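**Student:** Residue 64 in UniProt numbering is what sits at position 64 of the sequence shown, and the numbering runs on without skipping anything. Built from N, CA and C at the ideal position, the CB exists for glycine as well. In this text the structure is predicted, and so the values were computed from the model without any measurement.
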Amino acid sequence: MNIILIGFMASGKSSLGRYMATRTKRQVIDLDHEIEEKAQMSIPKIFETVGEKAFRDLESYVTKLCKNYHNTIVATGGGCILRKENRDALKQAGLVVWLNTSPENVQKYTAKRSNRPLLKGEKSLEEIESMMKAREEFYADASHLKIDVFKHNLEEIFEIIQ
Ligand code: S3P
1 MNIILIGFMA
11 SGKSSLGRYM
21 ATRTKRQVID
31 LDHEIEEKAQ
41 MSIPKIFETV
51 GEKAFRDLES
61 YVTKLCKNYH
71 NTIVATGGGC
81 ILRKENRDAL
91 KQAGLVVWLN
101 TSPENVQKYT
111 AKRSNRPLLK
121 GEKSLEEIES
131 MMKAREEFYA
141 DASHLKIDVF
151 KHNLEEIFEI
161 IQ
């Protein structure tokens, strides 16, 4: 079965994906990376040149391909769950795990990085909190399982999902 990791930016989807892939000898596919391959451009460049709508269309395209994967760990982008069609596609493609992080951790892990267009410029805790709140219902709707990642280390999260 595929395991699909969803969650807000910097919730640890890619790190956990790589960790699980190593531990279980399965392949990991990062949907952000698939988008960049398809567009032959980095994500910031896609946002800058063709805009968020075109990025979301590409994201929907790669999300719908998940049903063709077998025994794969999939790390999604944080906004993958914004469209209902994507939430449905993910749920049909495997076990969807919501890595629920805290606004404090998001701020901490994104403070010095500029590769996320939606977090460009230093965001206040309140801004991050309100972005997370606005998406909460979508993560809940898309997932089979929710894990509060700030309560566990990687190994524990891995054990919960197994
Ligand atoms: C986004 C999350 C990013 C990336 C893009 C948009 C979002 O992925 O897809 O910058 O809307 O939350 P990560 O969650 O891997 O940072």
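Less than 8 Å between the C-beta atoms of ALA142 and ILE73, yes or no?
**Tutor:** It is not a contact, given that the beta carbons lie outside the stated cut-off.
**Student:** Is any non-hydrogen atom of the ligand S3P found closer than 7 Å to the C-beta of MET9, if you look at the structure I gave you?
**Tutor:** True, at least one ligand heavy atom lies under 7 Å from that Cβ.
**Student:** Only counting runs of 3 or more residues, tell me where the beta strand (DSSP E) segments fall wholly within the region 88 to 145, in order along the chain.
**Tutor:** For the region 88 to 145, whole beta strand (DSSP E) runs of length 3 or above, ordered along the chain, are 95 to 100.
**Student:** How should THR63 be labelled, buried or exposed, when 16 other C-beta atoms within 10 angstroms of its C-beta is the threshold for buried?
**Tutor:** THR63 should be labelled buried.
**Student:** When you compare only the Cα positions, how much space is there between VAL106 and ALA10?
**Tutor:** For VAL106 and ALA10, the distance between alpha carbons rounds to 6 Å.
**Student:** Around the Cβ of THR49, are there at least 16 other Cβ atoms within 10 angstroms (buried) or fewer (exposed)?
**Tutor:** Burial call: exposed.
**Student:** Can you grab the Cα-Cα spacing for the pair GLU36 / LYS53, in whole Å?
**Tutor:** Distance between the alpha carbons of GLU36 and LYS53 is about 15 Å.
**Student:** Tell me whether the beta-carbon of LEU154 lies closer than 8 Å to the beta-carbon of LEU65.
**Tutor:** Contact: no.
**Student:** Can you tell me which of the three DSSP states ALA10 falls into?
**Tutor:** It is coil, neither helix nor strand.
**Student:** Hey, is ILE29's beta-carbon within less than 8 Å of any beta-carbon in chain C?
**Tutor:** Reference to chain C is not applicable here, since this structure consists of a single protein chain.
**Student:** Is the beta carbon of LEU95 less than 8 Å from the beta carbon of HIS144?
**Tutor:** Against a cut-off of 8 Å, the Cβ pair of HIS144 and LEU95 comes out as a contact.
**Student:** Under three-state DSSP, which class holds ILE29?
**Tutor:** DSSP places ILE29 in strand when its eight states are reduced to three.
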